[in-house]
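K.L.:
FYI, in our numbering the residues of the sequence shown are 7 to 77. For glycine and all other residues, C-beta sits at the position ideal for the given N, C-alpha and C.
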Amino acid sequence: MPGTRLKVFAGCVTTVDVTKAKVLELRPGDAMLFRADLIVCGMMYDDVNYRLHSYVTVRGRRRKNQTSSLV
7 MPGTRLKVFA GCVTTVDVTK AKVLELRPGD AMLFRADLIV CGMMYDDVNY
57 RLHSYVTVRG RRRKNQTSSL V
């Protein structure tokens, strides 16, 4: 959706350092792929905003069902 924003914390793995926050602007059709240890958060919107989340399963790596890192 136009105006979609995602906040990431560069280099932060276990704790958030707000001085490292970066806001990424996404356009319709954009896709993001990032490591599970990157700390991210959505942003507040005045209008309805839809995002699709999915997970890549890698053979030999285990992940608890219905969870993501640090959540």
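On the three-pair Cβ rule with 8 Å, is the stretch 11-23 touching the stretch 38-53?
P.N.:
Flag = yes, the stretch 11-23 and the stretch 38-53 touch.
K.L.:
Report the three-state DSSP secondary structure of LYS26 (helix, strand or coil).
P.N.:
What you label residue 26 is simply residue 20 of the sequence shown in a count that begins at 1. Three-state DSSP puts LYS26 in a helix.
K.L.:
Check this for me: beta carbons of ASP5 and VAL19, under 8 Å apart or not?
P.N.:
No answer is possible for residue 5: it lies beyond the span of the chain, which begins at 7 and ends at 77.
K.L.:
Going by beta-carbon coordinates alone, are GLY17 and LYS26 separated by less than 8 Å?
P.N.:
For the purposes of this step, residue 17 is identified with residue 11 of the sequence shown, where counting begins at 1. For the purposes of this step, residue 26 is identified with residue 20 of the sequence shown, where counting begins at 1. In this structure, LYS26 lies closer than 8 Å to GLY17 by Cβ.
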